[in-house]
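Notes follow once the structure below has been shown.
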Amino acid sequence: MSARSASQRPPLPPFTHETAVQKVRLAEDAWNSGDPEKVSLAYTVDSHWRNRSEFVNGRQDIVAFLRRKWTKELDYRLIKELWAFEGNRIAVRFAYECHDDSGNWFRSYGNENWEFDENGLMRLRLASINDLPIKERGDGAAVCVQSVMEGNGDDSFPKRSNIGEDRVCGSR
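Quick note: the sequence shown uses the working numbering, first residue 48, plus one each step.
Quick look at the structure:
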C-alpha cells in the first residue's frame, strides 16, 4: 500500500449524493465511538475547527478537545443528517443527547459545514450548536429526539429527518 493511499479516507471528493451520505454516516459512527484518537484520523493534520466559540487547530488539539468534551458529556449519542453537498464540501444538521455527572440530560442541535482535501480528510469544520436541558413530564418520561437513543442501524437513517422534533422516550 502506498503512503498516499494509506492516508486516504474514502469516499473521496467530489461527492455524489450517495458518497456524501456515506461520509456523514462514517462521521456519525466515529463520533459515537467516543474514541478521540479514532475521530481525529478523519481530519487533516492541520485541520481547523470552529466549535461554538472555540477554535481548534490540528489533530492534537482535536484529540484534547474531544477528551474534554466526552469527560463532561456522558452517554453521548449523536445523529447526523446530510443537508447539502457540492464538490469537496458537505453540510450536515445534527442532534445529540448526553448528561452531566449530576444526571442532568441535555439535547444539542446544530449545523456543521465541512470541507475536505483531495484525500477525503476534513480540513475545515465549522459548527454552530444550541443546547437545551431535557425536561421530564409529570409521569417521569423525558422528551427526547426520536432515534437518538434508538441506535444508528442502516434502517434508521430516514428517521433522521425528524431532527428537531420532540418525542417522548420513556423514563430516564
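Even for Gly, the Cβ is constructed at its ideal location relative to N, Cα and C.
- Of all alpha-carbon atoms in A89, S149 and I181, the one lying nearest the alpha-carbon of A74 is that of A89.
- Selection G81, V110, G134 and D82 evaluated against S94 yields V110 as nearest (Cα-Cα).
- Taken atom to atom, the span from the alpha-carbon of F153 to that of I181 is near 5 Å.
- Assigned with DSSP and collapsed to three states, I109 falls in helix.
- The shortest CA-to-CA distance from L121 to any of F163, D148, D178 and G134 is the one to D148.
- In this chain, the beta strand (DSSP E) harbouring L129 covers L121 to E133.
- Within the same chain, and ignoring the five residues on either side of R170 in sequence, the residues whose Cβ sits closer than 8 Å to its Cβ are Y90, T91, D93, S94, H95, E162, F163 and D164.
- Going by DSSP, P180 is part of the beta strand (DSSP E) stretching over M169 to P180.
- Assigned with DSSP and collapsed to three states, D76 falls in helix.
- Proximity to R124 across P60, L113 and E144 peaks at E144, based on C-alpha coordinates.
- Between F141 and G157, the beta carbon gap of about 6 Å places them in contact (Cβ cut-off 8 Å).
- In this structure, the straight-line span from the alpha carbon of S87 to that of N151 is close to 28 Å.
- For A67, the secondary structure class from DSSP, reduced to helix, strand or coil, is helix.
- Using a Cβ distance threshold of 8 Å, E159 and L179 do not count as a contacting pair.
- With contacts defined as CB atoms closer than 8 Å, N135 and R56 fail to qualify as a contacting pair.
- Pairing L168 with V68 gives a Cβ-Cβ distance that is not under 8 Å.
- Closest in C-alpha terms to L113, from the list H64, I126 and N79, comes N79.
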